Structures are given as C-alpha cells and as structure tokens.
Amino acid sequence: MKFILALIFLSKTLAMTWEEADLKAREWCADLTNEEKISLVTGRENMTGVCVGSIDPIERKDFAGLCMQDGPAGVRFANGTATSWQASINTAATFDRDLLYKVGAAQGKEFRDRGINYALGPSVNILRAPASGRIWEAYGEDPFFVGECGVQIIKGMQDSGTIATVKHFVGNDQENNRGASSSNIPEQALWEVYIDPFYRAVKDAEVHAVMSSYNAINGTYSVQNKKLLTDYLKGKIGYQGPVMSDWWSIYDVEKSFGAGMDINMPGGKAWGPDYIGNSYWGEHIQECIDKGIFPQERLDDAALRIIRSLFKAGQMENFPKVNLYIDTLTEENKALNRKVGADSNVLLKNDDSILPISKENNKKKIKKIAIIGKDAMPSKLCNDMGCADGTLPLGWGSGTTDFKYVIDPLSAITERAKKEGIKVVSSGNDNIISGALTAIKADLAIVFVQASSGEEYITVEGNKGDRQNLDLWHHGNDLVKAVAAVNKNTIVVIHAPGPVNLPFKNKVKGIIFAGMPGQETGNSIADVLFGDVNPSGHLPFTWAPREDYPTDVKYDETLPGGGEQKTQYDYDEGLFIGYRWFDKKNIEPTYPFGYGLSYTTFNYSGLDAIMEEDGLHVTLTVTNTGDIAGAAVPMIFLSFPEFVKDYPIRLFKGFNKTILEAGEAKEIEIFIDNHALSYYDVEVKDYVKPKEGEYVVYAGSNARDLPLKTTVSAAISKKRRNHL
Ligand code: BGC
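The working numbering numbers the first residue of the sequence shown as 1 and each following residue consecutively.
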C-alpha cells in the first residue's frame with residue numbers, strides 16, 4: 001500500500017507532459033543519423049534474445065537499446081522468478097478500479113525492475129464471440145468497461161515506470177486466420193466499440209505505446225492501414241507515441257512504414273534466427289526515402305515518437321539493465337494475486353445458501369466435503385501453458401507466464417477445512433464412477449471442471465486457439481451430472497476463459513465462475529468457499545448458449561499470413577454486441593452482463609442525476625440488507641435521447657464498487673464523463689454529445705436487473721448539485 005501511495009505521489013510530481021517530452025526528444029534526436037534512426041525502428045534478434053522484442057543500442061548516444069516483453073498475465077519467460085498473475089478477464093470481473101490500478105502498478109514494477117522497457121499489454125480487444133481464443137487476455141464485451149479496465153492497468157504500469165503497450169489495434173477478435181482475415185467493421189461500430197478502448201487509453205491514460213493487429217480492417221491490413229494509424233490514431237485521437245507491429249505481421253516496407261507503422265517487431269521476415277540483412281525494413285527504409293516513396297520526415301517522426309515516449313516514461317535516465325531473472329515474486333504480489341483471484345470469483349448460483357462452508361453458517365452439518373475432478377489437482381506446466389492437465393490457472397499463448405508454483409484447489413481447501421474440523425475426501429481425476437463413489441459419502445461435493453483457450457500458434461486438444469465449442473473439456477458435464485445424481489449438495493467451480501454450456505445448471509445447488517486466477521488459484525477459491533472473502537465478482541460478458549450470440553468465429557482453412565486471400569469477418573451486428581444484442585432481440589441470457597451474487601444482499605434506492613458541464617453526476621444509495629459485510633457494484637446504464645437512431649436500448653456507462661458493513665447504507669456518486677455521453681456520428685465524423693432530448697438513467701446490479709430509473713435532460717442543468 002505504501003508503495004502504491006508513493007507511486008501516485010511520485011508520478012504526480014515527476015510526470016512529464018507530452019510537450020516537455022517532445023522538446024527533450026527533439027533535442028536528443030537532432031544529431032541522429034538515418035542509420036541510427038533505422039536501427040531504432042527495426043527490431044533486432046528476431047525473438048532469439050532474452051526479450052521477445054529488442055532494439056539495438058546506439059552506443060555513441062549512450063542509448064542502451066530497448067527490451068519488450070509479454071504480456072498481460074505478468075512477465076513472460078521469466079523462469080518462475082516473476083508473479084504469474086490472474087487472467088485479465090479475472091481482473092475485470094472484480095469491477096474494482098483500485099485493484100486494477102494496483103495490479104498494473106505491481107506488474108509494472110516487475111517489468112521495470114528487470115530492465116524491460118515495454119510491457120506488451122494490456123489487450124483491450126473486445127469479447128465479440130465467446131469461442132474466441134484470447135478473450136481471457138482482455139476485459140470482456142463492453143467497450144466502456146474494457147476501456148476503463150485498460151486505463152487503470154496502463155496508469156498503474158506507467159506510474160511504475162514501464163511503458164504499457166495497448167494492443168491489438170484493432171479488430172483482432174478471433175484467432176482463426178488472424179493474419180489472413182479482414183474484420184469488416186461499419187464506421188460507427190469501429191469507433192464506438194473497437195477503437196473506443198484505445199481512445200480512452202490515449203486520452204485518459206496517456207498510453208506510451210500501441211501494438212497493431214495481425215488482421216485487416218475493411219480489407220486493408222492494420223499495419224498498412226494509413227487511415228487507421230495516421231489519420232485516426234495519430235491524427236484525430238492525437239496519439240503521441242509509436243505504433244509497433246504484432247510479431248511478423250509486416251510483409252513490406254512501402255505500405256507499412258508509409259502508413260504510419262513506427263516499429264517493426266521482432267524485425268525479421270519470419271520466425272527464425274536473428275535477421276541481420278533480412279528484414280522488410282532496415283536499409284529498405286533508406287531506399288524508399290531515396291526513391292521518394294515516403295519522405296525523410298516519416299523516419300524522423302517514427303524515431304521521435306519512440307524517444308518521446310521514453311522521455312515521457314522517465315526511461316532515458318537510470319533505467320535498469322536487462323536482467324530477466326531477478327526475483328520479484330514477493331509476498332505482496334502473491335497476496336494481491338490471491339485477493340484479485342478471490343474477488344473475481346463470480347457466484348452464479350447459491351441455492352439454499354449452500355455457500356459459504358463455515359462453522360457459523362454450518363446449519364447444514366457439513367462434516368465431510370468431496371473434492372472431485374482433475375481441475376482441483378496440481379497443474380502440469382507446459383511451455384506457454386499449451387496443455388490443460390490439472391487445475392487451470394491461465395490459458396495458453398504469449399499472454400501466459402512460466403509458473404514457479406500453482407496452489408491447487410485440493411491442497412488449499414484441505415488445509416482450510418481442517419480449521420473447521422471438516423474432513424476432505426477427493427477423487428483427483430475426471431472419472432465419473434470414481435467421482436460419484438467419492439461424492440456419495442460426503443455432505444457436500446465440489447466438482448472442479450475446466451475449458452481452456454489461447455493463441456493460434458499452439459493447438460491444444462484440437463483447439464487451435466479458438467475453442468471448438470463451448471462445452472467443458474474432459475467430459476466435465478458427465479462428471480457433474482454423475483456427482484449431482486448422488487449428492488444433492490453439489491457445487492461446481494468452473495475454470496475457463498469465458499462462458500461454457502451449463503446443461504447441469506438446474507441439477508446443482510451452487511456454481512462459481514472462477515475464470516483463470518493465476519498462481520494462487522487454490523487459495524483464492526478456498527477464501528470464497530469458506531466465506532473468508534464474500535464473493536463480489538461480476539460477469540464482464542453475457543453468458544448464453546453459443547447460438548444466441550450475434551457473432552461467432554469461423555474455422556476456415558489456414559491461409560498464408562498477409563496475403564490477398566482472407567477470411568472475412570463481417571461485423572454485421574454493428575453496435576449490438578453482448579448485452580446490447582440480447583436486449584434488442586429480447587433474448588433471455590443464461591446470466592446477464594454484470595451478474596454476480598454475494599453472501600449478502602443489496603438494495604438500491606434514491607437514484608438522482610444532474611447534467612453538468614463536465615458530464616453526468618449520478619447519485620444513489622446502496623444498502624447492505626444482509627447480515628454480513630460485502631461489496632456491491634451498482635451499475636449505471638443509459639438510454640440515449642430518442643433522436644439518436646438505431647442505437648442500443650441501453651449502454652453500460654458507470655459503476656462504483658462499494659464495501660458495506662451489514663445493514664450499512666451509503667450514498668455514492670457515479671460520474672459519467674462527456675465522452676461516455678457521446679455517440680459517434682458518421683456524418684460529422686466525430687463523437688457528438690447530444691445537447692437536447694433526454695437520457696434515461698437506469699441503476700441496478702446487472703444488465704437485466706435495473707430497478708431504478710430516472711430521466712435527465714441532455715442540456716446542462718441550472719440546478720446545483722449537492723456534492724457528496
Ligand atoms: C501476439 C502478441 C504478443 C507478441 C509477442 C504475438 O503473437 O499476438 O500479443 O505480444 O506475439 O509475443
């Protein structure tokens with residue numbers, strides 16, 4: 001905590017503005033030769049060094065070079081010396097801005113201490129299709145919420161002195177043919193849904209780096225998309241830092257460098273040894289300048305952007321030397337991972353208050369618990385987590401980490417149960433007969449099940465990144481059914497990247513979505529099962545059968561990356577992703593966006609809203625109506641004034657997680673800024689904030705539970721607000 005406060009203080013007092021950084025960078029770059037500038041923009045080592053991306057030193061200038069390293073769940077390839085954090089979908093599920101910031105800050109420190117300049121995260125791509133492989137690396141389906149999460153992580157990281165690289169700009173929303181596909185996104189949805197989190201990252205968090213995506217947008221590969229990179233990101237949004245390519249997504253120099261790409265990563269033409277002399281960029285940049293294909297200023301600008309970002313990040317002085325293997329797996333980090341893991345558990349079902357299992361609450365006379373399923377057992381740790389064997393702490397790909405250890409649920413639960421004098425029996429495999437025989441003798445059975453997903457370069461159990469289907473793996477459904485058939489007190493814990501089918505939903509008493517909680521996974525679930533932590537996680541996505549979503553991934557044959565032939569992903573649903581689609585089509589989801597139970601209950605009342613110059617100030621009272629302390633997440637949804645046509649019925653625009661003692665009531669404020677009150681007008685070619693008409697303000701606990709409603713004029717109110 002002291003570290004975080006010191007950080008906030010330091011960052012506020014020492015932070016350099018972009019203008020100051022610009023002045024310093026211009027001065028520094030003034031005597032750079034073209035050869036040096038070219039070495040700044042062209043990656044070296046081609047992923048054969050300790051960093052997944054690197055830039056050569058310029059000794060004459062005392063410039064030590066740059067190191068880039070993945071990724072959202074912590075420092076990759078650190079051989080167990082760094083924290084293996086939870087998946088971003090878990091961090092999101094906490095709906096807790098402070099925790100998000102703390103995670104960003106703690107991760108940022110781990111990168112900086114190792115001399116890593118750029119952390120390759122966060123990812124703010126949108127959960128558009130639940131089978132999509134990398135949904136666990138980002139923050140769910142809602143652009144406002146994804147943006148908010150990204151902003152907190154970026155602020156935390158950058159306050160620790162690490163450059164955050166927000167990725168993948170833009171529209172990389174599935175794995176299949178990511179490098180040979182076109183995400184065809186209508187202009188309004190492109191801005192409001194897919195670009196918006198990047199917009200927030202630039203405007204609200206001053207992000208220092210952006211990574212582009214593999215795919216094309218509306219026919220033009222992102223790395224060659226001048227409109228996106230130069231006109232939109234650098235022009236309209238005003239981004240000041242560099243854009244780096246995703247790994248080996250550049251196939252030429254003219255179109256990519258000319259379009260506004262600033263860094264070619266990892267430098268070579270394809271996977272293989274260090275590229276020297278065999279890059280699409282390198283000396284070919286000079287050839288293009290000589291031929292007048294793009295001007296000298298393009299190279300000057302790319303170099304300036306890199307150096308400007310480094311000054312802004314405070315990295316041009318006293319930056320540690322690269323050392324990937326220093327130990328940063330501190331007790332604080334373990335505790336924070338455990339807390340986020342616990343707070344991200346989403347309690348989906350808790351019939352008869354079957355949970356928590358604690359002495360005081362033990363009217364059910366629980367003396368023996370059965371823990372069933374291989375997902376409760378120690379994990380086998382494969383390269384880049386390319387296997388699912390034992391409990392599932394993270395998915396696979398570049399966004400995962402080398403674990404030092406994983407606390408398995410069975411060990412953590414057994415230890416915790418001892419304190420209650422409860423006996424634990426187990427069946428540590430997925431065999432239904434063994435599971436049922438173990439469960440039959442217990443007062444309560446907890447079945448651990450899983451499904452994983454990841455990045456397309458690894459295929460796990462037939463899943464090439466994207467999941468083949470939304471079923472649990474390893475016959476999880478059969479296991480749950482067999483256990484539930486013999487034990488009426490069955491609880492299911494699901495480790496997965498997102499929604500799975502729940503054919504057993506009505507046959508069990510409890511369901512927890514635990515996501516992918518990282519190294520402390522066992523402790524995090526034990527904390528919630530035994531009531532040491534009151535669950536307060538909420539779904540950052542809509543949970544429904546696959547066919548009810550507006551969109552899906554495709555499983556076309558693999559095409560060569562960067563070619564003319566592309567899988568076409570038509571974003572015909574436009575703005576209507578996630579809950580917006582379910583509202584429009586009036587489809588009842590299995591669980592709505594924002595859903596999540598607690599061991600206590602909350603009541604919302606007294607909704608009021610005032611439009612002021614800076615935005616909408618909403619107030620409401622939250623009361624803990626149960627008999628234990630807990631955290632509520634009041635959520636605000638808005639309907640826009642009627643003249644905004646073809647618009648979602650309601651949009652998620654505000655939340656404020658609040659801890660309340662039993663019986664306590666608090667009046668809280670939720671502020672919605674002018675950007676969140678705007679829509680993108682394709683004719684005006686900009687975000688527009690309505691000045692007339694009325695917004696309808698809804699408040700409640702999730703997208704389908706909004707008991708409070710008021711209206712507010714879009715015009716600025718003359719009434720004064722009582723500041724809380
Ligand atoms: C991924 C990026 C990652 C990069 C470096 C790519 O395959 O898409 O997210 O940062 O590799 O490992």
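For glycine and all other residues, C-beta sits at the position ideal for the given N, C-alpha and C. Bear in mind that the values here come from a model prediction, so they are computed numbers and not experimental data.
Considering only heavy atoms of the ligand BGC, does any lie closer than 7 Å to the CB of Leu324?
Answer for Leu324: no, Cβ out of range of the ligand BGC.
Taking all protein chains shown into account, do 16 or more other C-beta atoms lie within 10 angstroms of the C-beta of Ala609, making it buried, or fewer, making it exposed?
Label assigned to Ala609: buried.
Distance, Cα to Cα, Pro72 vs Asn215?
Answer to the nearest angstrom: the Cα atoms are 20 Å apart.
Could you tell me whether the stretch 331-350 touches the stretch 94-103, where touching means 3 or more Cβ pairs closer than 8 Å?
Flag = yes, the stretch 331-350 and the stretch 94-103 touch.
So what's Ser222 in DSSP terms, helix, strand or just coil?
Correct three-state label for Ser222: helix.
Between the alpha carbons of Ile458 and His168, how many angstroms are there, rounded?
Cα to Cα, the separation comes out at about 19 Å.
Specify, as a first and last residue, the run of the alpha helix (DSSP H) that Thr567 falls within.
Segment Thr567 to Asp570 is the beta strand (DSSP E) holding Thr567; no alpha helix (DSSP H) there.
Let me confirm a value: Gly476 is counted as buried when at least 16 other C-beta atoms fall within 10 Å, else exposed. Which label applies?
Buried.
If you follow the alpha helix (DSSP H) that Phe309 is part of, which residue opens it and which one closes it?
Before going on, a small fix: residue 309 reads as Ser here, not Phe. Here the alpha helix (DSSP H) through Ser309 covers Gln296 to Lys312.
Compute the distance between the beta-carbons of Gly108 and Gly156, then report whether it is under 8 Å.
Cβ distance < 8 Å, so Gly108 and Gly156 count as in contact.
In three-state terms, what does DSSP make of Gln69?
Reduced to three states, the DSSP call for Gln69 is strand.
Please identify the residue among Cys67, Ala129 and Leu66 whose C-alpha is closest to the C-alpha of Asn469.
Among Cys67, Ala129 and Leu66, the Cα nearest to that of Asn469 is on Ala129.
Hey, out of Phe77, Phe145 and Arg305, whose CA is closest to Cys29's CA?
For Cys29, the nearest C-alpha among the options comes from Arg305.
In terms of residues, what are the limits of the alpha helix (DSSP H) holding Gly150?
Looking at the DSSP string, the run of the alpha helix (DSSP H) that includes Gly150 is Pro143 to Asp159.
Leaving out five residues before and five after Ile326 in sequence, what residues of the same chain have Cβ atoms less than 7 Å from its Cβ?
Once the five neighbours on either side are set aside, the close Cβ partners of Ile326 are Thr81, Asp113 and Arg114.
Counting only runs of 3+ residues fully inside the stretch 390-445, write out the beta strand (DSSP E) ranges in chain order.
Within the stretch 390-445, the complete beta strand (DSSP E) runs of at least 3 residues are 423-427.
From Asp430 to Phe448, what distance separates their C-alpha atoms?
So the alpha carbons of these two residues sit roughly 9 Å apart.
Is there at least one non-hydrogen atom of the ligand BGC closer than 7 Å to the beta-carbon of Ser398?
Yes, since a heavy atom of the ligand BGC falls inside the 7 Å radius drawn around the Cβ of Ser398.
Answer with buried or exposed for Phe257, where buried requires no fewer than 16 other C-beta atoms within 10 angstroms of its C-beta.
Under this definition Phe257 is a buried residue.
What is the C-beta distance between Val322 and Val103, in whole angstroms, given that I count them as a contact (C-beta under 8 Å)?
In fact, because the Cβ distance is near 23 Å, the residues do not count as touching under 8 Å.
Just checking my contact of Ala715 with Tyr695 at CB under 8 Å: how many whole Å lie between their CB atoms?
The pair is not a contact, with the Cβ atoms about 11 Å apart (cut-off 8 Å).
For the beta strand (DSSP E) containing Asn184, name the first residue and the last one.
Per DSSP, Asn184 belongs to the beta strand (DSSP E) from Ser181 to Asn184.
Tell me, please, which residues DSSP counts as bridged to Leu347.
DSSP output for Leu347 lists Ile512 and Leu597 as bridge partner(s).
Look up Ser713 in the DSSP assignment and say whether it is helix, strand or coil.
Here Ser713 sits in strand by DSSP.
Kindly list the residues whose CB is nearer than 7 Å to the CB of Asn523, restricted to its own chain and excluding five residues on each side of it in sequence; keep chain order.
Excluding residues within five positions, the ones whose Cβ falls inside 7 Å are Arg338, Ile407 and Ala412.
How many angstroms separate the CA atom of Asp204 from the CA atom of Lys419?
In a straight line, the C-alpha of Asp204 is about 46 Å away from that of Lys419.
What residue from Pro560, Pro589 and Ile263 has the CA that sits closest to Val41's CA?
Nearest C-alpha to Val41: Ile263.
Taking the alpha-carbon positions, what's the Ile366 to Val486 distance?
The straight-line gap from Cα to Cα measures roughly 16 Å.
Going by DSSP, what residues sit across from Asp705 in a beta bridge?
Paired residues: Asn702.
Threshold first: 4 residues or longer. Then list the alpha helix (DSSP H) segments lying entirely within the stretch 440-485, N to C.
For the stretch 440-485, not a single whole alpha helix (DSSP H) run of length 4 or above is found.
Do you know offhand how far Ile371's Cα is from Cys382's?
Their Cα atoms are separated by approximately 24 Å.
Is the beta carbon of Ala209 sitting closer than 8 Å to the one on Ile237?
Contact: no.
Between the alpha carbons of Val493 and Phe671, how many angstroms are there, rounded?
Approximately 35 Å, taken between the alpha carbons.
Would Glu68 and Asn34 qualify as a contact pair, given that the criterion is a beta-carbon distance under 8 Å?
In the sequence under discussion, the amino acid at residue 68 is Met, which differs from the Glu named in the question. It is not a contact, given that the beta carbons lie outside the stated cut-off.
Short check: CB of Gly140 to CB of Ile89, under 8 Å?
Yes, they are a contact pair.
If we ignore side chains and look at the alpha-carbon of each, how far apart do Glu415 and Val346 end up?
So the alpha carbons of these two residues sit roughly 23 Å apart.
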